[in-house]
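Residue numbers (the working numbering): 1 to 96. Even for Gly, the Cβ is constructed at its ideal location relative to N, Cα and C. None of these values were measured; they are calculated from a predicted model. Notes to accompany the following structure.
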């Protein structure tokens, strides 16, 4: 989990997993005990093997969204999500 193939640093992956762990409680004690680790593994896999395969245009938008989210600039992060969605829609419509 220490390599940085994707757009997130190891510390950012840890912070996101911790935030998910705190935000999504499980009634089952075993599930609650391992959910933080499961979130971290899922984030690392998506980052290293999913995001890493995206086009540079998508990665650039994701990096901007990531930076704004970690700064808690929610409006700018949300705007970045919309810009990314529009980029995807535009690209998909050109491929038809």
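Using DSSP with H/G/I as helix, E/B as strand and the rest coil, what is residue 29? helix
How about residue 8 and residue 21: do their beta carbons lie closer than 8 Å? no
Among the residues of its own chain, which have a CB less than 6 Å from the CB of residue 64, if the five just before and after it don't count? 80
Residue 6: buried (16+ other C-beta within 10 angstroms of its C-beta) or exposed? buried
Inter-residue Cα distance where the pair is residue 59 and residue 29: 37 Å
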